[in-house]
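Here's the structure we're looking at; comments come further down.
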Ligand code: FAD
Ligand code: SIN
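In our numbering, the protein residues as written are 422 to 965.
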């Protein structure tokens, strides 16, 4: 088919200095940092609080107490990541953490305090109390609402219900972005495009993630020529409550940090002989232990907070307390049934320590990016921090760019715009999402095995032609992105024939030292992204 022309598509054009896709912590903090350097436009495909940030509970990790230090924070991060992280990136994360927390305080963010000093909580695999929180367990909500207010006050331009579809690349440089709204298709030119689109937790049937988190940024970046890596590393959170109806609800690790127990139906603390830190072991260890206990006892596993006290619980965890009450669980008296659920994408768009992707003028930050700080498993509460630390660095770096911006459309539009879906493809695409998420949960979930992953791969290959089209509705374009992301996660999980961090294979339960310096990457250099060939995974040597 001939390439679509701008006239056929009726694209409206505009220009700005910086486009940021995503209004979570990473996007908004970067926007605030860039505001002095030019006009910043932030897009969100739903409202401004659509992503995962709003749901964050536990808090933000930073070495803030006199007994703590960036060195100790480094060691915990490195160890939790199974010694697979990028040491230089981790150093940046932990050393710059206190400065970024001070920036938040200067911006008016009000962390919880005890006797005037910032209150610090503990979470799994942290050797120190170092989690700053807001509103008890409402860290994400309080943080993002405060940052959005600041961003509005300083004149950042927001476009809501704007679905980013494609990055415009010309002569090897990113020139702008195509997005759609209910009014049609738009092109916005910019000197830098910053992807802050979050992870892809919606790929799984049971997830803590917000509905907007569908991996769009991964696929936009990949199609534009950026490299994706570490997609086999996806973290499952151990303690999630599945209410009778509606979204799974996270029960923060901070609850265990304050001393809550994990017990089986007989009230026995089964973590005591599973890890030296018992309930506060690494997330992958605790998650697998819960599943083993559920299978062994053929019964539920519970969180028991009762001994923390009826006065303390609602004060320290007001959100969890009141949400559980809505489901008739009084957690000062009742146990909470919990189970693991999909939580966090560790891999993502490969970036350097200033957020550069492989495409000039295209940046990635936050959960969509792979800075390397999390290695093979993320230390709790290091993610909001990553958005802040690397958001600041992306802003400093993007501000140096003085490439001219012109609102003219690129000479050649991406082929994607020529491949409009037909009715049959629309129907097929609309029907498959629940099968996709069900299969990802069962076949490429917490515990993986070759046979199941091959079944997933086979099914994905049948669906592959559907990724070729541009659909008439954003949710179908999302599904097409989810298909490509699932395909890459499955390929990577098949290729890594070992267990490491949150990638656990029951057919290869040991860690293979020969893979300790190898990362799995996807690049578009030699594979089609137009629905004809599956993306190709390959090993690459780790750089740092
Ligand atoms: P998000 O906050 O997910 O925002 C993504 C944004 O991208 C949204 O605005 C969305 O609308 C936009 N977007 C996506 N695709 C498109 C598109 N195609 N077009 C336009 N816009 C698009 N981490 C911690 O460090 N501490 C915690 O206590 C903590 N608790 C958590 C609790 C829960 C329940 C969950 C789910 C996660 C938690 N995490 C926590 C992880 C952390 O919240 C996330 O990793 C982090 O908030 C991600 O921020 P982000 O800015 O990268 O993306
Ligand atoms: C939690 O509060 O348990 C989530 C923390 C995180 O994912 O970092």
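Glycine included, every Cβ here is placed at the ideal spot set by N, Cα and C.
Just to confirm, are residue i and residue j a CB contact at a threshold of 8 Å?
{"i": "residue 1000", "j": "residue 629", "result": "Outside the shown range of the chain, which is 422 to 965, sits residue 1000, and nothing can be said about it."}
{"i": "residue 439", "j": "residue 613", "result": "yes"}
{"i": "residue 782", "j": "residue 794", "result": "no"}
{"i": "residue 678", "j": "residue 701", "result": "yes"}
{"i": "residue 691", "j": "residue 710", "result": "yes"}
{"i": "residue 515", "j": "residue 471", "result": "no"}
{"i": "residue 876", "j": "residue 928", "result": "no"}
{"i": "residue 966", "j": "residue 481", "result": "With the chain covering only 422 through 965, there is no way to say anything about residue 966."}
{"i": "residue 828", "j": "residue 703", "result": "no"}
{"i": "residue 720", "j": "residue 681", "result": "no"}
{"i": "residue 791", "j": "residue 957", "result": "no"}
{"i": "residue 631", "j": "residue 473", "result": "yes"}
{"i": "residue 866", "j": "residue 600", "result": "no"}
{"i": "residue 606", "j": "residue 432", "result": "yes"}
{"i": "residue 627", "j": "residue 762", "result": "yes"}
{"i": "residue 916", "j": "residue 878", "result": "no"}
Using 8 Å for Cβ pairs, my map puts residue i next to residue j. What's the rounded Cβ distance?
{"i": "residue 769", "j": "residue 881", "result": "Not quite, the Cβ-Cβ distance comes to about 20 Å (not below 8 Å), so this is no contact."}
{"i": "residue 734", "j": "residue 752", "result": "6 Å"}
{"i": "residue 594", "j": "residue 610", "result": "In fact, because the Cβ distance is near 11 Å, the residues do not count as touching under 8 Å."}
{"i": "residue 587", "j": "residue 837", "result": "6 Å"}
{"i": "residue 643", "j": "residue 945", "result": "6 Å"}
{"i": "residue 577", "j": "residue 786", "result": "With a Cβ gap of about 16 Å, residue 577 and residue 786 do not count as contacting."}
{"i": "residue 447", "j": "residue 617", "result": "4 Å"}
{"i": "residue 780", "j": "residue 645", "result": "5 Å"}
{"i": "residue 955", "j": "residue 885", "result": "6 Å"}
For residue i, which option in the options has the closest C-alpha, if you only look at C-alpha atoms?
{"i": "residue 913", "options": "526, 609 and 943", "result": "943"}
{"i": "residue 859", "options": "812, 724, 831 and 623", "result": "623"}
{"i": "residue 553", "options": "561, 540 and 488", "result": "540"}
{"i": "residue 894", "options": "842, 484 and 920", "result": "842"}
{"i": "residue 963", "options": "456, 504 and 447", "result": "504"}
{"i": "residue 450", "options": "437, 530 and 511", "result": "530"}
{"i": "residue 510", "options": "922, 566 and 811", "result": "811"}
{"i": "residue 760", "options": "825, 705, 791 and 956", "result": "705"}
{"i": "residue 934", "options": "941, 924 and 919", "result": "919"}
{"i": "residue 635", "options": "866, 621 and 647", "result": "621"}
{"i": "residue 740", "options": "464, 468 and 555", "result": "555"}
{"i": "residue 736", "options": "533, 921, 633 and 749", "result": "533"}
{"i": "residue 653", "options": "861, 434 and 819", "result": "861"}
{"i": "residue 551", "options": "844, 518 and 564", "result": "518"}
{"i": "residue 467", "options": "683, 633 and 864", "result": "633"}
{"i": "residue 961", "options": "771, 850, 847 and 931", "result": "771"}
{"i": "residue 604", "options": "458, 508, 434 and 714", "result": "434"}
{"i": "residue 749", "options": "665, 490 and 715", "result": "665"}
{"i": "residue 641", "options": "683, 589, 669 and 685", "result": "589"}
{"i": "residue 717", "options": "428, 490, 685 and 668", "result": "685"}
Q: Could you say if the stretch 895 to 911 and the stretch 849 to 863 meet the contact criterion of at least three C-beta pairs nearer than 8 Å?
A: They touch, by the three-pair rule.
Q.
Count Cβ pairs between the stretch 508 to 526 and the stretch 576 to 594 that sit closer than 8 Å; are there 3 or more?
A. By the Cβ test, the stretch 508 to 526 is not in contact with the stretch 576 to 594, since fewer than three Cβ pairs between them sit closer than 8 Å.
Q. Given 8 Å as the limit, is there contact between the stretch 495 to 502 and the stretch 655 to 673, that is, 3 or more CB pairs closer than that?
A. Because the criterion of three Cβ pairs below 8 Å is not met, the stretch 495 to 502 and the stretch 655 to 673 do not touch.
**Q.** Given 8 Å, three or more beta-carbon pairs between the stretch 671 to 688 and the stretch 473 to 488
**A.** A contact between stretches requires three or more CB pairs, one per stretch, nearer than 8 Å, and the stretch 671 to 688 meets this requirement with the stretch 473 to 488.
(Q) Please enumerate, following chain order, all residues with a beta carbon closer than 5 Å to at least one heavy atom belonging to ligand 2. (A) The filter returns 478, 479, 673, 674, 801 and 802, in chain order.
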